[in-house]
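So the sequence shown is numbered by the working numbering: it starts at 1 and just counts up by one.
In what follows, a single structure is set out as structure tokens and then discussed.
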Amino acid sequence: MPYERVQRLRFQRVLLAIGASAVTVAITGLVAWAGYLSTGVAVTYTVLVAAVCVATYVLMRTNLNTRLPDPSLTGPLLVAAGLLISYVAYEGEGARPAFIAMYLIAYMFGIFTLNLRGLVWTAVFYLACYVGVVALSIVFRPATTDFAREGFRIVALTILLAWMTVFGSYISRLRQNLRHTNERLRQALTRTEVLANEDPVTGFANRRRIMDLLSVEVKRARRGSPLSVCLLDIDHFKGINDGHGHQAGDLVMKEFAEVTQAMLRATDFFGRYGGDEFLIGLSQTTLADAKQVAERVRRTVERRMFPSLPAGQRVTLSIGVAEYRPHESLEQLVARADAALYEAKRQGRNRVV
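Next comes the structure, spelled out in structure tokens:
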């Protein structure tokens, strides 16, 4: 997944966490309004939550989070939430069921980001936090602590966290399966794009890709840049297939394509136009220069020994060359190159016209 998209997703999750924090602040305010928590504790909790949210927002907006071991900040936020909720749970003894609900609100944030191991550790941490709250109450406020009630709350919180962990692990597996499915789809799309643009025999561009590239160059040529096209035909290629087999013919075609591509510039493009015909697009090239390139390719191929053919058998090319004319369409340009190729064949093949 691209970096910008990952960071944007992290930021969206942080906004959700800030929203959940606002809910806990509202609950704390209601508890204080009802008289179960001092106003000072509620204000302190609100200030601390706001500080955590602002710090998280700044880290995300400045991309400083990417330098941390947990760029999503899921772990630090869950720990901070657990500690802050434990603070108000200790101070607001009469409204602890509300604060237990706040533990669950915070835990829900982890369900959509953590794997099973992370969920288990978070559940254990939150349970330990509440057990710690009860333990402190027993030590410092034994007269107001209801042991049976607190034991029931601990059991209830344990059951709820256990169930949410099971549910969260299911969500985690769904996320993992979706991620694997998306990766397979991406790979399949990449293979499809390759198949749609690549000739299976030579490995170079096919007709569709060649025409797309040529279309771009024609648009540039309409602004005044010279452009030339060469259509190449392997002479008597049918005889190679008939006399030596299609496998030998494919090897000849592949080696010819590799030799030709090696002679071109990085700005040029080359591929199989169809059958035993190939097309070269020469950007920033006049007709005279294009014919020199075509002649150099023709001579190189003629002199080359092809391992898939008997010793002494040569491969020759007929090449038609055309230069773009103002206001000419792509089809007209290729048609003129094709006409020049036909003329090269008519004159006896193995030549450039």
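Ideal placement from N, C-alpha and C gives every residue a C-beta, glycine not left out.
Nearest neighbour of residue 204 by Cα position, chosen from 277, 38, 125, turns out to be 277. Per DSSP, reduced to three states, the secondary structure at residue 21 is helical. Scanning the region 217–285 for uninterrupted beta strand (DSSP E) segments of 3 residues or longer gives 227–234, 269–274, 277–283, listed from N- to C-terminal end. The alpha carbon of residue 18 has as its nearest neighbour, out of 184, 73, 37, 30, the alpha carbon of 73. Scanning 255, 217, 185 for the CA closest to the CA of residue 227 turns up 217.
Around residue 13, the same chain offers 72, 113 as residues with beta carbons nearer than 7 Å, after the five sequence neighbours per side are excluded. Residues of the same chain with a CB within less than 7 Å of the CB of residue 300, apart from the 5 flanking positions on each side, are 259, 263 in chain order. Burial state of residue 240 is buried, judged by a 10 Å Cβ sphere holding 16 or more other Cβ atoms. Per DSSP, residue 323 is one residue of the beta strand (DSSP E) stretching across 317–323. Boundaries of the alpha helix (DSSP H) around residue 87: 74–91. Nearest C-alpha to residue 288 among 308, 324, 271, 181: 324. Beta-bridge partners assigned by DSSP to residue 205: 198, 271. Judged by beta-carbon spacing, residue 231 lies within the 8 Å limit of residue 279, meaning their Cβ atoms are closer than that value.
In terms of CA proximity to residue 144, 92 leads the group 92, 28, 247, 53. For residue 334, DSSP records no beta bridge to any residue. Inclusion of residue 341 and residue 268 in the CB contact set at 8 Å is not warranted, their separation being larger than that value. In the DSSP assignment, the residues bridged to residue 352 are 319. In the assembly as shown, residue 210 is a buried residue. Its beta-carbon has 16 or more other beta-carbons within 10 Å. For the region 128–183, not one full-length alpha helix (DSSP H) segment reaches 4 residues or more. Between residue 254 and residue 201 a beta carbon distance of about 6 Å is seen, short of the 8 Å cut, so the two are scored as contacting.
In the three-state scheme derived from DSSP, where H, G and I count as helix and E and B as strand, residue 38 is classed as coil. Taking each of 351, 327, 31, 109 in turn and checking the Cα distance to residue 297, the smallest one comes out for 351. Nearest to residue 213 by alpha-carbon distance, out of 261, 282, 249, 171, is 282. Between residue 36 and residue 82, the C-beta gap is not smaller than 8 Å, which leaves the two residues out of contact. If you draw a 10 Å sphere on the C-beta of residue 39, you find fewer than 16 other C-beta atoms in it, and that means exposed.
Secondary structure at residue 97: helix, using DSSP grouped into helix, strand and coil.
Residues of the same chain with a CB within less than 8 Å of the CB of residue 154, apart from the 5 flanking positions on each side, are 127, 130, 131, 134 in chain order. Within a 10 Å sphere around the beta-carbon of residue 70 sit fewer than 16 other beta-carbons, which makes this residue exposed.
In the same chain as residue 52, and ignoring 5 residues on each side of it, the C-beta atoms closer than 7 Å to its own belong to 80, in chain order.
Here residue 146 is exposed. Its C-beta has fewer than 16 other C-beta atoms within 10 Å.
In chain order, 145 place their CB closer than 6 Å to the CB of residue 137, counting only its own chain and leaving out the 5 sequence neighbours on each side. A residue is called buried once 16 or more other Cβ atoms fall within 10 Å of its Cβ, and residue 206 is buried on that count. Taking a 10 Å sphere around the C-beta of residue 235, we find 16 or more other C-beta atoms and assign the residue as buried. Residue 275 and residue 6 have their C-alpha atoms spaced approximately 45 Å apart.
The three-state secondary structure of residue 302, taken from DSSP, is helix.
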